[in-house]
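> Got a structure for you, questions after.
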Amino acid sequence: MHRQGDVSDLDMEIANTSLASDLRECAILLDIDGTILDIAPAPQEVWVPPALRHTLGRLQELTGGAVALVSGRPLDDIDLIFAPLQLAAIGGHGAEMRPVPGTVPQTRVGSLSAELKRKLATITELGRGILVEDKGYSLALHYRLAPEHGPALRAAVAHVCAQLPAGSVEILPGKLVVEVKPSGVSKALAVSELMTYPPFADRHPIFIGDDTTDEPVFAVIPRFGGLGFSVGRVVPGVNGHFDKPEDVRSWLARIVADHGDSAG
């Protein structure tokens with residue numbers, strides 16, 4: 133296992149870092165959108181390349197099940213996107229967790245109220261191109277198709293949430309999206325808990341993420357002797373970065389290829 137001090141200046145040299153001999157010591161934790169999948173104009177338009185599905189399935193086998201998807205998407209959505217493959221997963225920014233595929237997910241919080249979701253959805257009145265994504269536990273307002281509405285949208289979300297009991301919800305800014313979720317859960321807390329369950333316990337996590345919601349996860353990874361890598365930008369304190377999701381997919385495929393396997 134490569135220790136944190138060994139790779140402080142990795143950047144894209146990570147492409148030359150192989151985990152081939154250490155997979156049974158590692159846990160591979162992956163954000164989805166913007167990390168292993170290309171960002172799409174709308175959340176429903178993401179596409180999983182068949183080669184990636186094959187790679188993840190082989191990594192699941194090679195690590196003895198220690199591969200998990202860590203996402204703001206709900207678990208049902210994750211399973212549909214990657215079907216028929218099912219992996220361990222954290223969904224809803226930590227609202228749901230499934231340490232073992234095929235088991236009943238653990239739930240940490242309830243969903244946002246229908247009334248709050250309706251209030252947030254009215255913000256689409258700002259203009260065409262704002263998309264609402266109901267994630268169950270949370271609600272996201274995407275403005276990738278209308279970036280000019282970003283400042284007004286963020287202000288409107290803050291105004292709605294300011295009328296709620298203090299500390300009841302959290303506003304998550306992201307890449308041309310603003311999301312509102314219940315307080316008390318996060319990807320970082322869920323990852324810390326996931327690492328206590330077999331087959332993740334006593335392993336060194338390799339976490340790859342791209343968005344601001346992934347930054348708290350990078351902060352907890354060193355507690356487990358792991359490594360964190362960002363995508364699309366350099367995040368302070370990470371061990372290196374990839375330029376784009378395609379590079380992440382290629383690196384993961386190379387790990388599988390190092391075991392004499394290929395997607396072809």
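Throughout the sequence shown, residue numbering follows the numbering used here, covering 133 to 396 in sequence. Ideal Cβ positions, reconstructed from N, Cα and C, are used throughout, including at glycine.
1. By Cβ distance, which residues of its chain are closer than 8 Å to Pro-181, with the 5 residues on each side in sequence left out?
2. At the level of alpha carbons, what is the spacing between Leu-296 and Glu-193?
3. Does the beta-carbon of Gly-242 have 16 or more other beta-carbons within 10 angstroms, so that it is buried, or is it exposed?
4. Just to confirm my understanding: we take Val-370, look at its own chain, exclude 5 residues before and 5 after, and list those with CB closer than 7 Å. What are they?
5. If you count every other CB in all the chains shown that lies within 10 Å of the CB of Asp-163, and 16 or more means buried, which is it?
6. So which of Ile-213, Val-202, Ala-227 has the shortest CA-CA distance to Ala-220?
7. Specify whether the stretch 167-184 and the stretch 224-236 touch according to this definition: at least 3 beta carbon pairs, one from each stretch, less than 8 Å apart.
8. Go to Ile-387, then tell me how far its alpha helix (DSSP H) extends in each direction, as first and last residue.
9. Expressed to the nearest angstrom, what Euclidean distance is found between the alpha-carbon atoms of Phe-332 and Arg-276?
10. Using only CA atoms, which one of Ala-385, Arg-335, Leu-384 lies nearest to Glu-157?
11. Give every residue of the same chain whose Cβ lies closer than 6 Å to the Cβ of Ala-272, excluding the five residues on either side of it in the sequence, and list them in chain order.
12. Could you check if Trp-102 is buried or exposed, using at least 16 other CB atoms within 10 Å of its CB as the buried criterion?
13. Using 10 angstroms around the beta-carbon of Phe-339, count the other beta-carbons present and answer buried if the total reaches 16, otherwise exposed.
14. Look at the alpha carbon of Asp-154 and the alpha carbon of Ala-174, and state the distance between them as a whole number of angstroms.
15. May I ask you to report which of helix, strand or coil DSSP gives Gly-372?
16. Between which two residues does the alpha helix (DSSP H) carrying Ala-294 extend?
17. Helix, strand or coil: how does DSSP classify Gly-358 here?
18. Exposed or buried, what is Arg-250 when buried is set at 16 or more other beta-carbons lying within 10 Å of its beta-carbon?
19. Distance, Cα to Cα, Glu-302 vs Lys-313?
20. Using the C-alpha atoms, what's the distance from Val-366 back to Glu-145?
21. What ranges does the beta strand (DSSP E) occupy inside the stretch 209-251, keeping only unbroken runs of at least 3 residues that lie completely in it?
22. Measure the CB-CB distance between Asp-342 and Gly-372 and report whether it falls below 8 Å.
23. Flag this pair as yes or no: are the beta carbons of Arg-205 and Val-317 separated by less than 8 Å?
24. Give every residue of the same chain whose Cβ lies closer than 6 Å to the Cβ of Gly-282, excluding the five residues on either side of it in the sequence, and list them in chain order.
A quick look at the data gives this:
1. Arg-381
2. 46 Å
3. exposed
4. Phe-350, Gly-360, Phe-361, Ser-362
5. buried
6. Val-202
7. no
8. Segment 377-389, the alpha helix (DSSP H) holding Ile-387.
9. Phe-332 and Arg-276: Cα-Cα distance of roughly 35 Å.
10. Arg-335
11. Glu-265, Val-309, Glu-311
12. Missing from the structure shown is residue 102; the chain here goes from 133 to 396 and no further.
13. buried
14. 37 Å
15. Gly-372 falls in the strand class under three-state DSSP.
16. 282-294
17. coil
18. exposed
19. 5 Å
20. Note that Glu-145 scores a pLDDT of 45, beneath 50, so its modelled location is shaky; the value from the coordinates is reported in the next line. Distance between the alpha carbons of Glu-145 and Val-366 is about 13 Å.
21. 220-223, 228-230
22. Contact check for Asp-342 against Gly-372 fails: the beta carbons are separated by 8 Å or more.
23. no
24. Contacts found: Tyr-275.
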